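Worksheet for the structure shown next.
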Amino acid sequence: MALALAVVLPSAVPVAADTSACTHHWSGPQVCIRLDGRNGGKAVRAIWINPPKKAKTRAVRLFLDGRQYGTVETARRVRGMLSHIWASFEQGAGVQVCVRFAGIRRVACDRTKCIGIRPTW
């Protein structure tokens with residue numbers, strides 16, 4: 001019985017949630033990605049921190065392990081930043097999730113991680 005539990009538990013581990021990463025260039029466009037959610041289903045937010053003042057919208061793409069996910073979306077200006085959120089969906093563990101805005105070369109990426117079962121207080 002104990003052996004069966006040892007085999008089942010590792011596959012039932014949720015994927016990390018609430019992580020973020022930004023490009024590390026101090027000049028030019030600053031782009032960030034944020035993963036929010038639990039149990040493998042996460043929303044993905046693309047953020048361009050310092051877009052040109054005239055930019056009200058910009059096309060943005062989402063990539064999972066180097067392949068474009070879905071269609072090109074439109075990021076909109078929110079409090080001086082351009083931002084778009086993809087609703088929560090399953091990405092799995094160990095997947096590289098990246099966002100890229102049209103017209104710039106900077107790409108922000110994060111990798112989904114297994115963190116074990118966290119209590120919900």
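Each residue of the sequence shown is one higher than the last, beginning at 1 in my numbering.
Backbone N, C-alpha and C define an ideal beta-carbon position, used for all residues, glycine too.
Computed from a predicted structure; not experimentally measured.
Boundaries for residue 91: no beta strand (DSSP E) harbours it, and the DSSP string shows neither H nor E there.
DSSP, reduced to helix, strand and coil, places residue 66 outside both helices and strands of the structure shown, so it counts as coil. Here residue 34 carries a strand assignment [DSSP, helix/strand/coil]. In terms of CA proximity to residue 27, 106 leads the group 112, 106, 64. In terms of Cβ geometry, residue 58 and residue 48 form a close pair [threshold 8 Å]. The beta-carbon distance between residue 52 and residue 104, rounded to whole angstroms, is 10 Å. This is too long to meet the 8 Å contact definition.
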